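The next block holds one structure in the form of structure tokens; read it before the comments.
Numbering (this note's numbering), first residue to last: 16 to 240.
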């Protein structure tokens, strides 16, 4: 399994392979840490594939609170929904370390789809998966139970980055309490208290800085795949 410890999303291997074959059709761009790749509310005719580095995808609510949606490492794609639909971006993408991306012009997609149908099918599957994950996150975000929000996040990441562990499924991505708070819409203090309760109840463990989800909960959670 590919991916870096800080990332919260990974692209299906089939799509990553298809895109790597088309990189000669893209424009390679580099961004410094803190530099915007695209901004919330901006129109964009391009989508991006992360080659190296780390990109934070986030939205700012009307009340000014920032919600982190994902952290994209190498072999991930972002900005495709707005580029395809020709709508303003609903989120922002910011390089949080020196980052290299491939910029694809959405206007070339009809030709690409005709010439590379496997790419079209893989991209459609990825878009559908993102929509499903977003719907599940929204369902849990309206919950007043912080434990449900945290477990939804950890279980989803476990399905993407999980490895077998004696006590359950180990989430092989580094998560700070601040990051969990930003991705679940609760305060850092609430996250700390929630994680403590979950560990005391036996639904969550910690091993070498990684979270381990107990199989009892993991088996009940809806698969996002």
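A virtual CB, placed ideally from N, CA and C, is assigned to each residue, including glycine. Bear in mind the structure is a predicted one, so any value in this text is a computation, not a measurement.
Distance between residue 62 and residue 117, taken at the CA atoms: about 8 Å. Remark: C-beta atoms of residue 22 and residue 176 approach each other more closely than 9 Å.
Per DSSP, the continuous alpha helix (DSSP H) segment holding residue 98 begins and ends at 95-100. With contacts defined by Cβ atoms closer than 9 Å, residue 112 and residue 197 do not form a contacting pair.
In the three-state reduction of the DSSP assignment, residue 32 falls in the helix class, which pools H, G and I. Three or more pairs of CB atoms, one per stretch, sit closer than 8 Å, so the stretch 25-33 contacts the stretch 125-142. Taken in chain order, the whole beta strand (DSSP E) runs of length 3 or more contained in the stretch 195-232 are 219-222, 225-228. Between the alpha carbons of residue 54 and residue 181 lies a distance of about 43 Å.
Listed as beta-bridge partners of residue 92 by DSSP are 64.
Cα atoms of residue 212 and residue 145: separation of roughly 30 Å, rounded to the nearest angstrom. Take residue 68, set aside five residues on each side of it, and the residues of its chain with a beta-carbon closer than 7 Å to its own are 110, 112, 113, 114, 115, in chain order. The residue from 143, 210, 204, 98 with its alpha-carbon nearest to that of residue 168 is 210. Residue pairing for residue 117: DSSP places it in a beta bridge opposite 43, 64. About 10 Å separates the CB atoms of residue 59 and residue 96; that is not less than 8 Å, and the two are not in contact. Beta-bridge partners of residue 180 (DSSP): 183.
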